[in-house]
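One structure below.
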Amino acid sequence: MSPHLFKVESVIRQGQGVCNEDALLLAPEEGVYGVIDGVSGLTPYRDALGRTAGHIASALVASCFADAGGADLERTTLEANARLHGEMERLQGRSEDTGSRWGAVHAVVRVDEDRVAWVQSGDCMVYAVYEDGVVRAVTRDSVEPHDERALALWRREYPGEWERRVQPPEVTEALRANRRRANRPGGYSVINGDDALARHLESGNIARSGLAHLLLVTDGIYPWREEHRHSTEEWVRAVIRAGLEAYVDELEAFEEDDPECRSVQRFKRSDDKTGILLSFSKESRSDSKTVR
795 MSPHLFKVES VIRQGQGVCN EDALLLAPEE GVYGVIDGVS GLTPYRDALG
845 RTAGHIASAL VASCFADAGG ADLERTTLEA NARLHGEMER LQGRSEDTGS
895 RWGAVHAVVR VDEDRVAWVQ SGDCMVYAVY EDGVVRAVTR DSVEPHDERA
945 LALWRREYPG EWERRVQPPE VTEALRANRR RANRPGGYSV INGDDALARH
995 LESGNIARSG LAHLLLVTDG IYPWREEHRH STEEWVRAVI RAGLEAYVDE
1045 LEAFEEDDPE CRSVQRFKRS DDKTGILLSF SKESRSDSKT VR
């Protein structure tokens, strides 16, 4: 089977922010596909074009992979990390404050003849679905436990502020503390110019044998239906059955109906959403569909 004999569906949608801080990576000639979620520093930054720090960071990471021509994914990530360090210093000066760093988290795969190489940071995810129906989480969300504690603090200690969507100072400080866990033991991985990323980045390979689908998503795409929130396997199957475009359409409609974030706890009504669904089949043609 040719390494590029599969269908590709991709989606990228802006959430409620001033610009889309996600980036979509499609490089079919090299068999490289990825989703990237930018992270702005706690100190707001906008360039002359109105782009936020998170937008700049995710675009930089995407361009590094696009320019790498399918080279080693972990090495390309570390090169992007070094380039982001230089870009931050050039645009805002040197800072040792972790909270001031710009960043991005990512999930990128390279599909070869017999194997799929992957690299991941933060809360971007890769799921593999096999011909026998088995769903496998290839990556781990290292951000979620820290976010969950901050959300629980907000709801438990400040129910009135939670209802009004007002973030109390204690919750803001909890989020600042989360930033200090970036690329630290017990924390999470993030491309933010810190050399320590090399010790926390995850990567690997899986065999293509029996592989039916690969699903890559940023954290803006999540299980919103009650029956899917406690079963990753059922949620992934639901996304594949619906298709990315239809699933994201339904998710956005749900978020419009849940602006206070009561049904699903989250920091904002609607986050940026980027996903890629690769479907492997001997009969399928190599084609690409992107929905914006």
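Residue numbers (this note's numbering): 795 to 1086.
Where a beta carbon is used, it is the ideal one built from N, C-alpha and C, also for glycine.
Only a predicted model underlies this, so the values are computations on that prediction, with no experimental measurement involved.
Burial state of residue 958 (16 or more Cβ within 10 Å): The residue is exposed, with fewer than 16 neighbouring Cβ atoms inside 10 Å.
Name the two residues that bound the continuous beta strand (DSSP E) containing residue 1075. Looking at the DSSP string, residue 1075 is not in any beta strand (DSSP E), and its letter there is neither H nor E.
Determine which residues share a DSSP beta bridge with residue 800 and list them. Partner(s): 1074.
At least three beta-carbon pairs within less than 8 Å, the segment 813 to 828 to the segment 996 to 1014: The answer is yes - the segment 996 to 1014 touches the segment 813 to 828, with three or more Cβ pairs under 8 Å.
Which value, in whole angstroms, describes the spacing of the CA atoms of residue 887 and residue 839? Roughly 12 Å between the two C-alpha positions.
Using a Cβ-Cβ cutoff of less than 7 Å, which residues in the same chain neighbour residue 879 once the five nearest sequence positions on both sides are dropped? Within its own chain, the residues whose Cβ lies closer than 7 Å to the Cβ of residue 879, once the five positions on either side in sequence are excluded, are 987, listed in chain order.
Quick check: what's the CA-CA separation for residue 920 versus residue 1028? Answer to the nearest angstrom: the Cα atoms are 15 Å apart.
Which residues does DSSP pair with residue 762 in a beta bridge? Residue numbering for the chain in the displayed model covers 795 to 1086; residue 762 lies beyond these limits and cannot be assessed.
Please return the same chain residues whose Cβ sits closer than 6 Å to the Cβ of residue 1015, not counting the five positions on each side in sequence. Beyond the five residues adjoining it in sequence on each side, residue 1015 comes within less than 6 Å, by CB distance, of 1067, 1069 in the same chain, given in chain order.
Neighbourhood of residue 1081 by C-beta distance below 8 Å, restricted to the same chain and skipping five residues each side: Summary for residue 1081: the model assigns pLDDT 49, below 50, so the residue's position carries little reliability; its value from the coordinates is reported in the next sentence. So the list reads 801, 802, once near-sequence residues are dropped.
Given that a residue counts as buried once 16 or more other Cβ atoms are within 10 Å of its Cβ, and exposed if not, what is residue 1078? With a pLDDT of only 41 at residue 1078, under the threshold of 50, the placement of this residue in the model should not be trusted; the figure read from the coordinates follows. By the beta-carbon neighbour count (other beta carbons within 10 angstroms, threshold 16), residue 1078 is exposed.
Indicate whether residue 924 and residue 1006 have their beta-carbon atoms separated by less than 8 Å. Yes, they are a contact pair.
Coarse secondary structure for residue 842, derived from DSSP in three states: For residue 842, the secondary structure class from DSSP, reduced to helix, strand or coil, is coil.
Taking residue 829 as part of the beta strand (DSSP E), name the residues at either end of that continuous run. For residue 829, the enclosing beta strand (DSSP E) covers residues 826 to 833.
Along the chain, where does the beta strand (DSSP E) containing residue 818 start, and where does it finish? Residue range 816 to 821 is occupied by the beta strand (DSSP E) that includes residue 818.
Start and end of the beta strand (DSSP E) containing residue 914? Note, residue 914: beta strand (DSSP E), 909 to 914.
Nearest CA to the CA of residue 1087: which residue from 911, 906, 907? Past the boundaries of the shown model lies residue 1087; the chain is included only from 795 to 1086, so the question cannot be answered.
Per DSSP, what are the beta-bridge partners of residue 922 in this structure? Paired residue(s): 930, 1008.
Compare the Cα-Cα distances from residue 1075 to each of 818, 1003, 991 and report the closest residue. Of 818, 1003, 991, the residue nearest in Cα terms is 1003.
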